[in-house]
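Residue numbering for the sequence shown follows our numbering, starting at 11 and increasing by one per position. Every residue, glycine too, gets a C-beta built ideally from N, C-alpha and C. Contents: one structure, followed by commentary.
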Amino acid sequence: MYEISNDLNTANKRIFEQCELQYSFQNSARALPVSSILKQLELPFDRWSQANDYLSFERVSPGDSAQIRFVFADSLPVARPKRYTTYGLVGQPIEVLSQLVRRPNGTCLVYLLNTHAWKPEELQRVLLFQIGAALGLATSSRPTSAMRTNLSTATTEPDSSDAKAIKQLYNQPCDQWTRLADVPFRPNLVETVVGNSGCGYVFLNQNNALWEFNPVTKRWNSRLPYPTVPTISTHPDNWLAFAIDSTVFLGQAYNLSWKAGKKGTFWRYVPVESPGGERWVRLDSIPQIGWGNGYCFIINKTGYLVTTNNSSVGRQISVCTYDPVLNKWGGIMLYQEPTGFSISGMSPFALGMNIYFLTSKSSFYKSWRFSTTSTPPFVQTPSFEEVFRPTSFSIRNAGYVVGGNTFGPKSVAQYRPEQPWKRMRDLPAQGNTAFSFVVGNRAYLVTDVGQFWEYRP
Numbered sequence: 011m012y013e014i015s016n017d018l019n020t021a022n023k024r025i026f027e028q029c030e031l032q033y034s035f036q037n038s039a040r041a042l043p044v045s046s047i048l049k050q051l052e053l054p055f056d057r058w059s060q061a062n063d064y065l066s067f068e069r070v071s072p073g074d075s076a077q078i079r080f081v082f083a084d085s086l087p088v089a090r091p092k093r094y095t096t097y098g099l100v101g102q103p104i105e106v107l108s109q110l111v112r113r114p115n116g117t118c119l120v121y122l123l124n125t126h127a128w129k130p131e132e133l134q135r136v137l138l139f140q141i142g143a144a145l146g147l148a149t150s151s152r153p154t155s156a157m158r159t160n161l162s163t164a165t166t167e168p169d170s171s172d173a174k175a176i177k178q179l180y181n182q183p184c185d186q187w188t189r190l191a192d193v194p195f196r197p198n199l200v201e202t203v204v205g206n207s208g209c210g211y212v213f214l215n216q217n218n219a220l221w222e223f224n225p226v227t228k229r230w231n232s233r234l235p236y237p238t239v240p241t242i243s244t245h246p247d248n249w250l251a252f253a254i255d256s257t258v259f260l261g262q263a264y265n266l267s268w269k270a271g272k273k274g275t276f277w278r279y280v281p282v283e284s285p286g287g288e289r290w291v292r293l294d295s296i297p298q299i300g301w302g303n304g305y306c307f308i309i310n311k312t313g314y315l316v317t318t319n320n321s322s323v324g325r326q327i328s329v330c331t332y333d334p335v336l337n338k339w340g341g342i343m344l345y346q347e348p349t350g351f352s353i354s355g356m357s358p359f360a361l362g363m364n365i366y367f368l369t370s371k372s373s374f375y376k377s378w379r380f381s382t383t384s385t386p387p388f389v390q391t392p393s394f395e396e397v398f399r400p401t402s403f404s405i406r407n408a409g410y411v412v413g414g415n416t417f418g419p420k421s422v423a424q425y426r427p428e429q430p431w432k433r434m435r436d437l438p439a440q441g442n443t444a445f446s447f448v449v450g451n452r453a454y455l456v457t458d459v460g461q462f463w464e465y466r467p
């Protein structure tokens with residue numbers, strides 16, 4: 011009979027202050043080459059990260075510093091009395107497969123028994139337990155718990171109680187800005203930006219250039235230029251981009267400077283690694299936007315185009331939705347614009363099933379929560395403190411507004427519907443904020459002098 015560990019933690023205790031943890035495999039198992047199953051061994055780390063939201067794990071080389079190191083050894087470092095099963099005519103010895111040792115410098119060494127004939131699913135199960143133990147979770151007797159010492163490979167992820175415990179232990183955002191290499195293009199040439207589940211995309215208004223940012227390699231790559239339909243200068247167009255999961259959409263929308271009913275072109279980007287190669291696919295035409303700007307948002311895997319219209323009954327909010335499965339834009343829904351609303355100069359983002367149009371307290375306008383499914387559709391919400399030329403984004407169930415002042419640190423404010431505005435760590439960047447996009451659980455911000463920053467909430 012096998013047991014993951016015979017070390018018992020009786021209470022939950024937070025061990026690490028940081029949110030991003032490095033781990034390494036110092037060597038390979040005798041019966042199972044670790045290098046051949048590294049992708050499979052990432053799964054237990056991903057499961058804990060998903061259960062918490064703030065935590066992330068990065069595998070590093072054996073020689074690099076790491077908070078958690080895994081070592082295959084012929085024996086475990088701390089001898090324990092031999093234990094036996096309590097059922098059957100003759101008790102069978104229980105073999106312990108791993109042991110965690112905390113070092114004085116705060117790191118952990120996890121020893122894995124090298125004499126065991128490891129199977130991939132067994133190693134995944136042991137890692138799932140020992141990652142939780144390294145983070146400070148107590149052991150459990152629940153059959154579904156990742157922190158149960160039983161080797162049962164049926165447990166492949168933290169159960170709801172494990173998830174609750176890890177969220178309570180690591181319940182603070184990282185709130186960390188990291189400067190990356192400057193962008194390879196001029197920020198003042200940017201037409202629109204978007205991030206999908208894997209990369210960030212920046213569309214320039216010079217030569218229809220498209221740049222793709224890979225957050226894994228931290229590198230920019232030039233991609234296939236986006237298509238365009240020529241216009242004349244007196245009739246401006248408006249490029250709008252949004253992403254649903256991994257798919258990027260781009261629309262060349264026309265405002266009401268054109269005659270009524272002028273629809274624009276709408277495209278789907280097929281990335282370079284796809285079968286058939288990189289290309290742009292023409293889709294259903296994008297509806298005409300109103301006066302001024304249009305904004306695109308994603309709510310529940312549906313695209314939303316929000317803009318304003320003038321009519322005989324006053325200014326109205328125009329909303330049109332895009333269904334990616336049917337490749338179809340729906341009909342336009344009109345909502346009376348509330349007093350104190352302006353779509354221009356706002357800091358908008360989508361959060362949950364709502365769209366927030368936010369402004370500062372000193373503005374002539376008010377901040378609003380908007381939903382197509384609530385009555386009334388517009389509800390006033392708290393404004394943020396005064397900032398200059400802000401940029402905004404939403405990530406991990408919160409919205410953020412970053413000030414755009416040229417000199418000194420830029421203020422960062424976090425918005426959650428259930429709490430007041432919260433001041434976060436300043437962005438120590440130079441220049442005005444130019445644009446931002448979100449990839450996964452990270453936000454990326456560029457200033458007008460080309461500085462490029464990553465934000466870990």
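Rounded C-alpha distance that separates residue i from residue j
i	j	result
arginine 466	valine 70	19 Å
proline 153	leucine 161	11 Å
alanine 143	alanine 41	25 Å
threonine 275	alanine 360	24 Å
phenylalanine 374	arginine 292	41 Å
glutamine 298	isoleucine 342	10 Å
serine 108	valine 136	8 Å
proline 72	threonine 317	53 Å
serine 404	tyrosine 410	6 Å
proline 114	glutamine 77	12 Å
threonine 179	glycine 146	Sequence inspection shows leucine at residue 179; the threonine mentioned does not correspond to that position. The straight-line gap from Cα to Cα measures roughly 8 Å.
isoleucine 25	tryptophan 463	28 Å
valine 106	phenylalanine 367	57 Å
valine 422	arginine 57	30 Å
asparagine 337	valine 81	51 Å
valine 556	tyrosine 211	No answer is possible for residue 556: the residues shown for the chain start at 11 and end at 467.
isoleucine 242	lysine 272	Unreliable placement is indicated for isoleucine 242, whose pLDDT of 45 sits below 50; no coordinate value is reported for it.
phenylalanine 388	glycine 362	15 Å
cysteine 118	tyrosine 33	9 Å
histidine 245	threonine 443	Residue placement at histidine 245 is flagged as unreliable, the pLDDT there being 47, under the threshold of 50; the coordinate-derived value follows with that caveat. Using only the alpha carbons, I get a separation of about 28 Å.
asparagine 215	alanine 127	59 Å
proline 281	alanine 191	24 Å
glutamine 125	arginine 452	The displayed chain sequence assigns threonine, not glutamine, to residue 125. Their backbone Cα atoms lie some 41 Å apart in a straight line.
asparagine 319	serine 352	12 Å
glutamine 326	asparagine 364	18 Å
threonine 385	glutamate 132	53 Å
glycine 418	glycine 441	9 Å
serine 59	glutamine 346	43 Å
serine 171	lysine 420	39 Å
CB contact flag (residue i, residue j, <7 Å)
i	j	result
lysine 177	asparagine 62	yes
glutamate 27	serine 66	no
proline 348	isoleucine 254	no
arginine 399	glycine 414	yes
glycine 313	phenylalanine 252	yes
alanine 208	serine 256	The sequence shown places glycine at residue 208, rather than the alanine named in the question. Closer than 7 Å, so yes.
tyrosine 236	asparagine 265	no
serine 357	serine 393	no
alanine 148	asparagine 248	no
threonine 44	phenylalanine 35	Before going on, a small fix: residue 44 reads as valine here, not threonine. For valine 44 and phenylalanine 35, yes; Cβs fall inside 7 Å.
Nearest residue (CA-CA) to residue i, options the options
i	options	result
tryptophan 221	Val316, Tyr279 and Gln346	Tyr279
serine 328	Pro225, Gly340 and Ser402	Gly340
serine 150	Asp17, Glu395 and Thr383	Asp17
tyrosine 121	Gln140, Ala127, Lys129 and Val459	Gln140
tyrosine 425	Asn442, Val456 and Ser377	Ser377
aspartate 185	Gly441, Gln440 and Val412	Val412
valine 88	Arg158, Pro54, Glu68 and Ser15	Ser15
aspartate 84	Glu68, Arg112 and Asn37	Asn37
aspartate 294	Gln326, Gly350 and Leu260	Leu260
tyrosine 332	Asn319, Arg79 and Phe307	Phe307
proline 168	Gln134, Thr188, Pro183 and Gln182	Gln134
asparagine 19	Pro419, Met157 and Asn124	Met157
threonine 238	Leu250, Gln262 and Tyr305	Gln262
proline 183	Val456, Ser402 and Tyr64	Tyr64
proline 130	Thr166, Gly350 and Asn181	Thr166
Q: Indicate whether the contact test is met: 3 or more Cβ pairs, each with one atom in the region 220-230 and one in the region 184-196, closer than 8 Å.
A: Touching, per the Cβ criterion.
Q: Report yes or no: do three or more beta-carbon pairs, one from the region 197-209 and one from the region 37-56, lie closer than 8 Å?
A: The count of Cβ pairs closer than 8 Å, one atom from the region 197-209 and one from the region 37-56, stays below three, leaving the stretches out of contact.
Q.
Taking contact to mean 3 or more Cβ pairs, one atom from each stretch, closer than 8 Å, check whether the region 448-455 and the region 423-432 are in contact.
A. The region 448-455 vs the region 423-432: no contact.
Q: Quick one: which unbroken alpha helix (DSSP H) runs of 4-plus residues sit fully inside the region 402-451? Chain order, please.
A: If you keep only unbroken alpha helix (DSSP H) runs of at least 4 residues inside the region 402-451, you get nothing at all.
Q) Taking the runs of the beta strand (DSSP E) that are 3 residues or longer, which of them lie wholly in the region 345-390? A) Correct list: 357-361, 364-368 and 377-380.
Q. Residue ranges of each beta strand (DSSP E) run of no fewer than 3 residues wholly in the region 30-91, ordered along the chain?
A. Segments of the beta strand (DSSP E) lying fully in the region 30-91: 30-35, 66-69 and 78-83.
Q. Along the chain, which unbroken stretches of the beta strand (DSSP E) at least 3 residues long are found entirely within the region 283-341?
A. Fully enclosed beta strand (DSSP E) runs of 3 or longer: 289-292, 301-309, 312-319 and 326-333.
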